[in-house]
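Visitor: When you read off a place in the sequence shown, starting at 1, and then add 22, the result is the number in our numbering.
Each residue gets a CB set at the ideal place from its N, CA and C atoms; glycine is no exception.
No experiment lies behind these values; they were computed from the predicted model shown.
Right, I'll just put the structure down here and ask away after.
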Amino acid sequence: MEKTEVTNDQFALFLYAIGYVTTAEKNPDWNDLKKELPPDTPKPDDSILRAGSLVFIPLKGPVKLNGYENRWKWEPEAIWKHPKGPNSPIEGKGDHLVVHISWYDA
23 MEKTEVTNDQ
33 FALFLYAIGY
43 VTTAEKNPDW
53 NDLKKELPPD
63 TPKPDDSILR
73 AGSLVFIPLK
83 GPVKLNGYEN
93 RWKWEPEAIW
103 KHPKGPNSPI
113 EGKGDHLVVH
123 ISWYDA
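Given below as structure tokens:
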């Protein structure tokens, strides 16, 4: 990971300069995923193995703290230029920190 923050504008310049596609923009490969999972983990339905990322869910009021599902939701097509999903642009947010990048993207 970088030692400094990276904005959406900076990340866009990098991507466009080299033609890179981020992890969140690619459909997951089950054969790669299962290498990192416990043996005998069942394959998810293909409808779930889609490009996307986890999106934070701001909730009103108390939440259970013993599970990520209370605060995060898998959102297909949530990528750096659509941070909350396909209908959420980053126009006007060029100076915001880039989100939905992986270790491999950094």
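Does the beta carbon of residue 115 come closer than 8 Å to any beta carbon on chain D?
Guide: You won't find chain D in this structure, because it holds only one protein chain.
Visitor: Measure from the alpha carbon of residue 107 to the alpha carbon of each residue in 89, 78, 126, 54, then state which is nearest.
Guide: Comparing Cα positions, the closest option is 78.
Visitor: State the DSSP-derived secondary structure class of residue 97, mapped to helix, strand or coil.
Guide: strand
Visitor: For residue 26, which of helix, strand or coil comes out of DSSP?
Guide: The answer is coil: DSSP assigns residue 26 none of H, G, I, E or B.
Visitor: I'd like the list of long-range same chain contacts for residue 116, defined as Cβ closer than 6 Å, with 5 residues on each side in sequence excluded.
Guide: Result list for residue 116: 30, 31, in chain order.
Visitor: Between which two residues does the alpha helix (DSSP H) holding residue 76 run?
Guide: Run containing residue 76: none in the alpha helix (DSSP H); it sits in the beta strand (DSSP E), 74-78.
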